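Visitor:
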């Protein structure tokens, strides 16, 4: 059985968060780091479908959406 793999960008799109948010969660050790592998001579990082379930659960429990715009001090716009 071949399990689907999600790149950092694909995971961010799937979860509807920014890539930087995922990177911040990984650096805080809130979610598992993506698995690194070499494909066609290039380093690729990805999460499996099982790991994506952990990411979804973390998002549902801890993510409240976009924060404040640093320039204006008002709530950031959802794009």
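In the numbering used here, the protein residues as written are 3 to 81. In this text, a Cβ means the ideal position worked out from N, Cα and C, and glycines have one as well. Note that this is a predicted model, so its numbers are computed, not measured.
I'd like the ranges of any beta strand (DSSP E) spanning at least 3 consecutive residues and lying wholly in the stretch 11-44.
Guide: 37-41
Visitor: Using a threshold of 9 Å, state whether the C-beta atoms of residue 24 and residue 10 are closer than that.
Guide: Residue 10 sits close to residue 24, with the two beta carbons spaced by under 9 Å.
Visitor: What is the residue span of the beta strand (DSSP E) that residue 61 lies within?
Guide: Per DSSP, residue 61 lies in no beta strand (DSSP E); the unbroken alpha helix (DSSP H) holding it starts and ends at 51-64.
Visitor: So, for residue 77: in the same chain, excluding its five sequence neighbours on each side, which residues have a beta-carbon less than 7 Å away from its beta-carbon?
Guide: 70
Visitor: Take residue 65 as the anchor and find which of 49, 14 and 7 has the nearest alpha-carbon.
Guide: 14
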